[in-house]
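A.B. asks:
In this note's numbering, the protein residues as written are 1 to 941.
See the structure below:
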């Protein structure tokens with residue numbers, strides 16, 4: 001019998017210490033973690049990795065056991081009519097590994113499940129328990145950091161499986177499966193194949209789209225003010241600078257309008273009583289103030305105090321690493337994972353800002369040692385949790401251990417060193433004194449020659465004691481904002497002191513649309529709206545980037561036109577599913593299940609089938625929602641975006657976006673940001689060659705030759721007229737005769753769509769050109785995806801340039817084929833652009849032109865530039881990010897197994913296959929007593 005919910009197994013034990021002198025099998029998630037922990041536990045323990053989840057809901061039809069394939073719910077992997085019973089199957093690539101774990105367990109005296117102490121880790125532990133079916137004592141071993149003391153303490157102080165965490169995770173997995181598998185097919189049918197919808201990813205995409213809509217609807221307006229530099233030398237002051245800048249604040253007692261006073265439509269807000277200066281008014285006022293006298297009208301001083309920032313939790317670490325280290329959320333979590341597994345930091349998926357007593361002591365010790373007692377507060381600082389429904393049972397992210405290593409003492413390098421230093425500084429600074437000082441506002445008054453009374457304002461800040469700012473200063477999402485340690489000193493002036501205007505100029509400004517989200521600000525927005533789990537934000541952003549819903553321009557997240565079509569469909573027909581409050585409420589329900597306050601089954605029934613909500617209102621279930629709306633959705637309507645003020649409509653087709661005006665179509669560049677598609681830009685696209693430029697008639701065939709702009713670039717082709725049918729005859733219903741396929745030819749690199757001639761086109765259409773015969777086989781010159789080449793039977797040789805396709809002779813071809821075929825690459829072309837060093841490898845980064853377009857490389861890893869990346873403008877940070885993502889996706893190098901091992905593995909696979917039905921599905925009788933959890937990866941929602 002499998003162990004019951006919340007138990008450690010039939011013979012499980014929570015006693016402290018090892019029992020007897022036998023061997024304990026410890027199972028963790030990752031090989032790196034296993035290696036580190038094995039070194040700390042020593043003899044008597046065998047530490048092995050599960051390599052993540054060993055089983056999950058089936059992802060393809062081949063994984064569904066034969067006995068379930070005829071079931072109506074088999075596609076979902078969840079028996080919606082049988083109390084939402086999930087069907088779990090062992091991942092195909094894990095069957096041999098499961099066999100290995102069973103063999104190791106057969107030689108052990110007890111089993112320690114040491115997966116992470118969160119919902120995901122609890123689920124992995126439970127799935128191991130269900131699949132391995134141990135007959136030995138089982139204990140749940142948990143820890144927050146991988147240090148020798150922490151691991152040994154965890155081995156001696158175990159607990160039961162947490163049934164509530166398991167049930168909450170399983171409910172989340174079932175919910176996400178139902179959402180994705182019911183809604184995604186709607187997108188396939190109505191927008192484009194292979195699209196996906198997700199409970200959180202679709203809402204995140206909507207946020208990015210809505211921000212772009214705001215930018216598209218935004219009307220910029222101009223406003224002006226005056227900038228002056230005043231000299232306070234005549235005031236008799238000796239402290240601080242003698243000159244200082246100031247900005248016009250008011251005219252005749254009425255405040256001068258600034259950017260915050262305008263609406264998105266470019267008008268003054270109705271509740272603002274301000275004076276809007278245009279260019280003429282500002283320049284005129286500046287002239288009338290020439291030679292005017294000025295004096296200090298007021299000096300306002302206020303104490304300045306800034307308290308330390310709380311230690312990092314998952315989201316704040318992602319935001320700060322983005323601002324300061326130019327790391328994406330995904331990169332940050334990958335680096336943090338390595339630091340955790342190798343014992344440098346505590347667990348990195350946490351909602352908590354609290355520190356343990358030992359961590360507080362370690363932080364205070366370092367403050368005293370590195371900065372002195374003056375920077376240490378009398379009492380330790382305690383940070384309460386700020387995140388609603390904090391889900392993870394951990395403290396804040398901090399350096400591991402009871403005493404902290406300084407960055408220099410770790411021996412780390414590259415991204416690991418930089419991220420560790422960030423965490424170390426933030427943790428130590430959190431236990432330091434406040435920064436204190438003084439903020440000053442000075443007002444200067446003067447009168448113009450026209451009698452207008454003007455007032456200028458200057459602000460300053462002096463920090464008298466830096467406190468925690470000595471160790472750490474938080475970054476800002478606004479590049480124009482001052483950081484907390486920035487000082488602005490003003491002269492020590494007093495009221496009525498005279499000052500002289502050294503310069504006074506009119507300065508124009510334009511209101512700016514709301515900034516696009518970056519990864520850091522999107523993470524912040526999702527957390528503030530309480531949407532999804534902070535630990536999954538990195539993977540959610542990765543998903544919407546990979547799906548083509550969003551692309552990057554610099555650090556900004558730009559929605560594609562495809563994202564507009566998808567969000568438009570979801571908003572119009574499944575509004576509740578992408579509603580921000582509804583999605584946040586779902587998170588509350590899942591947290592209620594984790595706390596044992598909510599039952600999952602009634603809630604799943606209501607979500608899928610509909611029913612009466614706790615408030616009494618009737619809710620439509622997901623099943624009916626999809627079924628009722630499918631026939632109502634007009635694919636053309638949801639994929640159409642009218643361009644305001646024009647008769648032009650942007651449509652999202654299966655091959656990309658295009659503009660349509662009364663049947664005339666033109667492709668839209670896929671890297672064009674939606675807010676850049678103005679009326680003028682649209683007209684510019686229509687004015688470009690449409691791709692259907694008629695070049696003339698082929699004298700040999702009489703067919704019209706045209707030049708076109710296609711999905712894969714410009715090309716030429718011939719128009720083949722439709723055959724005329726004799727009058728009175730109808731087309732037979734039998735298999736029609738195959739149509740004649742028109743000849744086509746891509747333009748050469750030296751050609752342009754605007755200038756290509758009929759002669760050029762006929763040369764292209766002559767390819768492949770028969771050069772002659774060698775060894776009884778035709779030799780042809782052709783243009784392929786990798787460039788021009790000669791072909792003879794199955795043998796081929798590259799040509800030096802495109803012109804050779806038309807000029808190479810048979811003798812030249814014979815000489816080329818006589819040369820040995822090049823196995824290596826030809827001489828490398830010079831790089832398109834040189835960049836700085838890659839922070840991970842330390843090697844020089846360059847941008848090169850490859851077969852599939854430009855790419856960045858450090859000599860070992862190559863990463864293609866993505867949509868929105870330009871050779872001329874790509875930054876070092878963006879290049880490093882692309883390389884890091886490519887490096888993370890690269891498969892690990894595997895050693896070739898010995899022959900005996902291979903034979904053994906083959907046998908194991910057969911054995912495992914025979915047991916699929918019994919080992920990969922759950923019995924209904926077990927469900928009532930056994931804790932369950934989903935196989936949802938940590939990286940997706």
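Ideal Cβ placement from N, Cα and C applies to all residues, glycine included.
The structure displayed is predicted, hence computed values, not measured ones.
Could you say if the stretch 429-436 and the stretch 285-298 meet the contact criterion of at least three C-beta pairs nearer than 8 Å?
C.D. replies: They do not touch, by the three-pair rule.
A.B. asks: Relative to the C-alpha of residue 466, which candidate in 307, 576, 749 and 102 has its C-alpha closest?
C.D. replies: Checking every option, the nearest Cα to that of residue 466 belongs to 307.
A.B. asks: Bridge partners for residue 224 per DSSP, in chain order?
C.D. replies: Answer is 508.
A.B. asks: Taking only three categories from DSSP, how would you classify residue 216?
C.D. replies: Three-state result, residue 216: helix.
A.B. asks: Can you tell me where the beta strand (DSSP E) with residue 456 in it begins and where it stops?
C.D. replies: 453-465 is the span of the beta strand (DSSP E), which, as asked, contains residue 456.
A.B. asks: Just to confirm my understanding: we take residue 214, look at its own chain, exclude 5 residues before and 5 after, and list those with CB closer than 8 Å. What are they?
C.D. replies: Counting only Cβ-Cβ distances below 8 Å, and skipping sequence neighbours, we find 264, 513 and 514.
A.B. asks: What ranges does the alpha helix (DSSP H) occupy inside the stretch 63-142, keeping only unbroken runs of at least 4 residues that lie completely in it?
C.D. replies: Those alpha helix (DSSP H) runs which fall completely within the stretch 63-142 and span 4+ residues are 95-106 and 119-132.
A.B. asks: Apart from the five residues just before and just after residue 646, which ones in its own chain have a Cβ nearer than 6 Å to its Cβ?
C.D. replies: The residues are 679.
A.B. asks: For the putative contact between residue 27 and residue 151, defined by C-beta atoms under 8 Å, what is the C-beta separation to the nearest angstrom?
C.D. replies: 14 Å between Cβ atoms; not a contact.
A.B. asks: For residue 347, which of 314, 198, 365 and 368 has the nearest alpha-carbon?
C.D. replies: Among 314, 198, 365 and 368, the Cα nearest to that of residue 347 is on 314.
A.B. asks: Rounded to whole angstroms, how far is the Cβ of residue 296 from the Cβ of residue 494, which I believe are closer than 8 Å?
C.D. replies: Yes, residue 296 and residue 494 are in contact; Cβ-Cβ is about 7 Å, under 8 Å.
A.B. asks: In terms of residue numbering, what span does the beta strand (DSSP E) encompassing residue 660 cover?
C.D. replies: Looking at the DSSP string, the run of the beta strand (DSSP E) that includes residue 660 is 656-661.
A.B. asks: Which of helix, strand or coil does DSSP assign to residue 736?
C.D. replies: Because the pLDDT at residue 736 is just 47, under 50, the model does not fix this residue reliably, and the point stays unresolved.
A.B. asks: Who are the near neighbours of residue 464 in its chain, counting only those whose CB is closer than 8 Å to its CB and skipping five residues on each side?
C.D. replies: Excluding positions up to five away in sequence, the list reads 436, 437 and 438.
A.B. asks: Between residue 747 and residue 700, what straight-line distance do the alpha-carbon atoms span, to the nearest angstrom?
C.D. replies: Cα-Cα distance, rounded: 21 Å.
A.B. asks: Could you have a look at residue 574 and say whether DSSP puts it in helix, strand or coil?
C.D. replies: If DSSP states are grouped into helix, strand and coil, residue 574 belongs with coil.
A.B. asks: Answer with buried or exposed for residue 509, where buried requires no fewer than 16 other C-beta atoms within 10 angstroms of its C-beta.
C.D. replies: By the neighbour-count rule (16 or more Cβ atoms within 10 Å), residue 509 is not buried but exposed.
A.B. asks: Buried or exposed: where does residue 873 fall if 16 or more other Cβ atoms within 10 Å of its Cβ makes it buried?
C.D. replies: When all chains shown are included, residue 873 counts as exposed.
A.B. asks: With a floor of 3 residues, list each beta strand (DSSP E) that falls wholly inside the stretch 543-594, ordered by position along the chain.
C.D. replies: Listed in chain order, the complete beta strand (DSSP E) runs (minimum 3 residues) inside the stretch 543-594 are 550-553 and 556-559.
A.B. asks: By DSSP's criteria, residue 41 is part of a beta bridge. Which residues make up the other side?
C.D. replies: Partner(s): none; residue 41 has no beta bridge.
A.B. asks: Beta strand (DSSP E) containing residue 805: first to last residue?
C.D. replies: Segment 804-807 is the alpha helix (DSSP H) holding residue 805; no beta strand (DSSP E) there.
A.B. asks: State the Cα-Cα distance for the pair residue 416 and residue 41, rounded to the nearest angstrom.
C.D. replies: Rounded to the nearest angstrom, the two C-alpha atoms are 25 Å apart.
A.B. asks: Starting from the C-beta of residue 768, find all residues in its chain whose C-beta is less than 6 Å away, skip the five residues before and the five after it, and write them out in chain order.
C.D. replies: Excluding positions up to five away in sequence, the list reads 780 and 782.
A.B. asks: Could you check what DSSP says for residue 404 in three-state terms: helix, strand or coil?
C.D. replies: Correct three-state label for residue 404: coil.
A.B. asks: Out of 68, 758, 101 and 99, which one is the CA nearest neighbour of residue 87?
C.D. replies: The residue with the shortest Cα to Cα distance from residue 87 is 68.
A.B. asks: Starting from residue 619, trace the beta strand (DSSP E) both ways and give me its first and last residue.
C.D. replies: Per DSSP, residue 619 belongs to the beta strand (DSSP E) from 618-620.
A.B. asks: Please classify residue 253: does DSSP put it in a helix, a strand, or coil?
C.D. replies: Of the three classes helix, strand and coil, the one that applies to residue 253 here is coil, per DSSP.
A.B. asks: Going by DSSP, which residues form a beta bridge with residue 795?
C.D. replies: Beta-bridge pairing links residue 795 to 792.
A.B. asks: How would you label residue 153, buried or exposed, when you count the other beta carbons within 10 angstroms and need 16 or more for buried?
C.D. replies: Exposed, by the Cβ-count rule.
A.B. asks: If you run the structure through DSSP and keep just helix, strand and coil, what is residue 500?
C.D. replies: Reduced to three states, the DSSP call for residue 500 is strand.
A.B. asks: For residue 559, count neighbouring C-beta atoms within 10 Å of its own C-beta (all shown protein chains included) and say buried if the count is 16 or more, exposed if not.
C.D. replies: That one is buried.
A.B. asks: Any idea if residue 919 is buried or exposed, counting beta-carbon neighbours within 10 angstroms, 16 or more meaning buried?
C.D. replies: Low confidence applies to residue 919: its pLDDT is 37, below 50, so where it sits in the model is not reliable, and the reading given next is rough at best. Label assigned to residue 919: buried.
A.B. asks: Using the Cα positions of residue 529 and residue 584, report the straight-line distance between them to the nearest angstrom.
C.D. replies: The straight-line gap from Cα to Cα measures roughly 7 Å.
A.B. asks: Buried or exposed, going by whether 16 or more other CB atoms sit within 10 Å of the CB of residue 612?
C.D. replies: Result: exposed.
A.B. asks: Taking just the CA atoms, how far does residue 356 sit from residue 401?
C.D. replies: Rounded to the nearest angstrom, the two C-alpha atoms are 11 Å apart.
A.B. asks: For residue 632, report the span of its beta strand (DSSP E) as first-last.
C.D. replies: Careful: residue 632 lies outside any beta strand (DSSP E) and carries neither H nor E.
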